[in-house]
Amino acid sequence: MTDPGLGRGVLHPAAATTQFDLLRREPAADLAPYVEYHWIVRWDLRGHPPHEQQVLCHPNVHLVFEEPAAAVYGVQRGLFSRRLTGAGHVLGVRFRPGAFRPLLGAPVAGLADRVVLAAELFGPAADEAGRAVLGTADPAAMAAAAESFLRGVLPAEPPQPAARQAEAVLALIADTAALVRVDQVAAAAGISVRGLQRLFAEYVGASPKWVLRRARLHEAAARAEQGTGVDWAALAADLGYADQAHLVRDFTAVVGAPPARYARRGPAPAGRGTARASR
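Just so you know, we're using UniProt numbering here: the sequence shown kicks off at 1 and counts up by one.
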């Protein structure tokens, strides 16, 4: 089974592509210091059962233009689930790690596992922007409306050095499989463990330990998507677990099923929803 292109974190991606489309768009150059990318999800399930999509989220804050109102999603540390019914589309702005701190005006850890109406943070302009974004189905027009709003709320100056440091540490974790403990990350980043914890609470919104664990689960889910012939004991060792049982417990606690059972789940029945290639 190959990755259909939805990205790590979307569970059962092959089945998901029969239910909705995902399009990613790069931000305009002036917004790139703060915005990683825009994502647009479109679905048409009219005449078909609702679809429940589960996601192992990344350590990013998102601004989502959706019905009934635009909302800001902090880092979702559990298993995130979204129910899709009927037909519709949404646009999300994925902020770079650390980049939402100046917009919030407080430690990003305060947003963890929370969903806050965008109007509470940005005023009525957020809802006006939401109507403009959702008032069109054209991806370019949706992104343009979102970016027009962002230019009115983002700082004129580039992100603070600490925000860039937080993003760099997250990239280090993602790119270095050998980093499996917080003290290893701190040493590699040239910062104390306590300093790393403070940095993540202030700018990331999740602890270094959670980020390491989530990276492990992303890898385990990706391996499981390849089929049932996974050497789970070897994978557990590769990911820094003491043994296979620890990997199974960790995966089951978040995903709700052991990795081997997750791997056995097949794609959704044909004919449910639409899948138009739209990356």
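Ideal Cβ positions, reconstructed from N, Cα and C, are used throughout, including at glycine.
Own chain partners of residue i with C-beta closer than 6 Å, once the 5 adjacent residues on each side are dropped
| i | result |
| --- | --- |
| TRP39 | ARG24, GLY92 |
| ALA132 | ALA145 |
| GLY205 | GLY74, VAL75, VAL108, ALA109, LEU111, ALA112 |
| TYR241 | LEU247 |
Close beta carbons around residue i, own chain, < 7 Å, minus the five adjacent residues each side
| i | result |
| --- | --- |
| ASP243 | ALA236 |
| ARG114 | GLY74 |
| TRP210 | ARG77 |
| GLU167 | ARG96, PRO97, GLY98 |
8 Å contact criterion, which residue i and residue j should meet: CB distance rounded
| i | j | result |
| --- | --- | --- |
| LEU154 | TYR34 | 5 Å |
| ALA45 | GLY86 | Before going on, a small fix: residue 45 reads as Leu here, not Ala. At roughly 6 Å, the Cβ-Cβ gap stays under 8 Å, so LEU45 and GLY86 are in contact. |
| GLU52 | ARG83 | 5 Å |
| ALA220 | PHE251 | 6 Å |
| LEU117 | ALA178 | Contact doesn't hold; Cβ gap of about 42 Å is too wide. |
| PRO208 | VAL182 | 5 Å |
Minimum C-alpha distance to residue i - residue among the options
| i | options | result |
| --- | --- | --- |
| LEU103 | ARG83, ARG131, LEU56, ARG151 | ARG151 |
| LEU217 | GLY88, ALA253, ALA137 | ALA253 |
| PRO27 | GLN226, ARG101, PRO139 | PRO139 |
| ALA32 | ASP250, ALA156, LEU79 | ALA156 |
| THR17 | TYR37, ASP30, ARG42 | ARG42 |
| ALA137 | ALA106, ALA178, HIS89, VAL255 | HIS89 |
| LEU63 | PRO158, ASP30, ALA129 | ALA129 |
| PHE65 | VAL230, LEU239, LEU134 | LEU134 |
Collapsed DSSP secondary structure at residue i in the structure displayed
| i | result |
| --- | --- |
| PHE20 | coil |
| VAL75 | coil |
| ALA87 | strand |
| ILE191 | coil |
| HIS218 | helix |
| TYR203 | helix |
| PRO259 | helix |
| GLY92 | strand |
| PHE100 | coil |
| VAL230 | coil |
| ARG265 | coil |
| TYR182 | For the record, residue 182 in the displayed sequence is Val; it is not Tyr. Reduced to three states, the DSSP call for VAL182 is helix. |
Residues of its chain near residue i, where Cβ-Cβ distance is below 8 Å and the 5 sequence neighbours each way are ignored
| i | result |
| --- | --- |
| TRP232 | GLN244, LEU247, VAL248, PRO259, ALA260 |
| ALA215 | ILE173, ALA174 |
| PHE80 | GLN54, VAL55, LEU56, CYS57 |
Contact test: residue i Cβ vs the ligand ADP heavy atom, cutoff 7 Å
| i | result |
| --- | --- |
| PRO124 | As presented, the structure is devoid of all ligands, the ligand ADP included, so that no description of it is given. |
*Can we say the segment 138-150 touches the segment 168-185, given the rule of at least three CB pairs closer than 8 Å?*
no
*For the 8 Å Cβ check, are there 3 or more pairs between the segment 115-131 and the segment 183-202?*
no
*Contact the segment 52-64 vs the segment 10-19: 3+ CB pairs below 8 Å*: In short, these stretches touch, since the Cβ pair count reaches three.
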